[in-house]
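Undergrad:
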Amino acid sequence: MNTQRKFVKSLTIAALLSTTVASTAIFASDTKLKESTAKLLSVRFDAREVVKIEAGDFHFVPGQVAPIHTHEAPAIGYVSKGEILYQVEGMKPQLLREGDAFYEPAGPRILRFDNASATEEAVFIDFNLQQKNEPFIVFEKELTEHIDRRTLPTVELKGRSLTQADIFVTEIEPKGHKRLEADVPVLSYVAEGSVKVVNSAKGTQHYHAGESFSLVKRADTATVVNDSQNLPAKVISFYLR
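Now the structure itself:
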């Protein structure tokens with residue numbers, strides 16, 4: 012009887028090991044061609060105790076001009092559609108194209124952040140790294156024109172000291188996935204397509220183009236899966252250090 016039980020137990024363990032090895036092999040081969048990541052921008056700024064990050068998804072109609080403004084908190088962002096004419100006071104204007112990341116420093120006046128096209132919409136997002144009691148933006152004059160700013164979820168950091176932001180773009184093929192590990196706070200924005208984010212703490216959540224999600228707890232991890240069977244997805248990730 013004991014011999015029979017040992018034999019059955021051995022078979023069960025062998026079957027489990029076989030399944031685990033097979034699953035690992037499938038996962039490893041599946042990651043080879045399913046996503047590609049490239050750095051867009053890396054910026055440094057004076058150390059600041061960031062308590063929250065306010066974010067917005069801006070939609071500028073053709074020819075729309077941004078009012079002159081300043082940032083008490085530095086802003087980082089990404090142009091997801093169209094082109095933006097950008098100028099910081101004391102610097103030459105530059106053209107931000109679709110797919111470009113940008114940095115708006117705290118302090119100097121932002122003279123231009125305008126839709127460069129007279130015929131096409133421009134869309135961009137920004138994240139504002141705010142200390143206690145800091146507004147995310149200050150306009151010199153009262154606004155007279157509507158700005159289509161679609162609020163994204165605010166991220167609470169509780170006074171995390173930050174000095175740097177690294178911005179990456181990840182393109183995920185249909186059925187592909189990307190692993191995110193938060194040794195530092197990570198803000199992510201879905202620029203194209205739709206994804207599902209599998210997180211051990213929050214479960215599975217779905218996000219579409221124009222939406223954002225974040226990982227802020229140390230050692231937090233998530234798997235970002237392309238929700239489409241035939242269309243690629245693009246995710247922009249902002250690593251804060």
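Numbering (the working numbering), first residue to last: 12 to 252.
Even for Gly, the Cβ is constructed at its ideal location relative to N, Cα and C.
Is the beta carbon of Ser211 less than 8 Å from the beta carbon of Thr232?
TA: Yes, the Cβ-Cβ distance between Ser211 and Thr232 is below 8 Å.
Undergrad: Does the distance from the C-beta atom of Leu251 to that of Pro164 stay below 8 Å?
TA: Taking 8 Å as the Cβ cut-off, Leu251 and Pro164 do not qualify as a contacting pair.
Undergrad: Taking only three categories from DSSP, how would you classify Ser225?
TA: Looking at Ser225 - three-state DSSP - the assignment turns out to be strand.
Undergrad: Out of Pro146, Glu131, Glu151, state which residue places its alpha-carbon closest to the alpha-carbon of Arg123.
TA: Measuring from the Cα of Arg123, the nearest candidate turns out to be Glu151.
Undergrad: Which class does His80 belong to by DSSP, given the choice of helix, strand or coil?
TA: Residue state, collapsed to three classes: strand.
Undergrad: By Cβ distance below 8 Å, which residues in the same chain neighbour Pro185 in space, the five residues on each side in sequence not counted?
TA: Same-chain partners within the cutoff: Asn237, Ser239, Gln240, Asn241, Leu242, Pro243.
Undergrad: Whether or not the region 58-75 and the region 128-144 are in contact is what I'm after, with contact meaning three or more pairs of Cβ atoms, one per stretch, closer than 8 Å; do they touch?
TA: Taking 8 Å as the limit for Cβ pairs, the verdict is that the region 58-75 does touch the region 128-144.
Undergrad: Please classify Leu106: is it buried, with 16 or more other beta-carbons within 10 angstroms of its beta-carbon, or exposed?
TA: Leu106 comes out exposed.
Undergrad: Measuring straight from C-alpha to C-alpha, what distance separates His82 and Tyr114?
TA: C-alpha separation (whole angstroms): 11 Å.
Undergrad: Measuring alpha carbon to alpha carbon, tell me which of Gln75, Phe69, Phe71, Ser91 ends up nearest Glu203.
TA: Cα-wise, what sits closest to Glu203 is Ser91.
Undergrad: Could you give the DSSP three-state label for Pro164: helix, strand or coil?
TA: Reduced to three states, the DSSP call for Pro164 is strand.
Undergrad: Pick helix, strand or coil for Lys63, following the three-state DSSP scheme.
TA: If DSSP states are grouped into helix, strand and coil, Lys63 belongs with the strands.
Undergrad: Check the C-beta distance from Ile79 over to Asn126 and give it rounded, since I have them as a contact under 8 Å.
TA: About 16 Å separates the two Cβ atoms, so there is no contact after all.
Undergrad: If you measure between the beta carbons of Leu226 and Ile64, is that distance less than 8 Å?
TA: In this structure, Ile64 does not lie closer than 8 Å to Leu226 by Cβ.
Undergrad: Going along the chain, which residues of its own chain have a beta-carbon closer than 6 Å to the beta-carbon of Val270, five neighbours each way excluded?
TA: Absent from the model: residue 270. The displayed extent of the chain is 12 to 252, so no value can be given.
Undergrad: Pop quiz: Ser223 and Ala66 are said to be a contact at Cβ under 8 Å. What is the actual Cβ separation, rounded to whole angstroms?
TA: Right, their Cβ atoms sit about 6 Å apart.
Undergrad: By the 10 Å Cβ neighbour count, where 16 or more other Cβ atoms means buried, how is His188 classified, buried or exposed?
TA: With 16 or more Cβ atoms within 10 Å of its Cβ, His188 is classed as buried.
Undergrad: Out of Ile183, Lys228, Gly74, which has the shortest C-alpha to C-alpha gap to Thr48?
TA: Comparing Cα positions, the closest option is Ile183.
Undergrad: So is Leu154 buried or exposed if we call it buried at 16+ other beta carbons inside 10 Å?
TA: The residue in question, Leu154, is exposed, as its Cβ has fewer than 16 Cβ neighbours within 10 Å.
Undergrad: Which class does Asp137 belong to by DSSP, given the choice of helix, strand or coil?
TA: Asp137: strand per DSSP, three-state reduction.
Undergrad: Using the Cα positions of Gln98 and Val201, report the straight-line distance between them to the nearest angstrom.
TA: Each residue's alpha carbon lies about 26 Å from the other.
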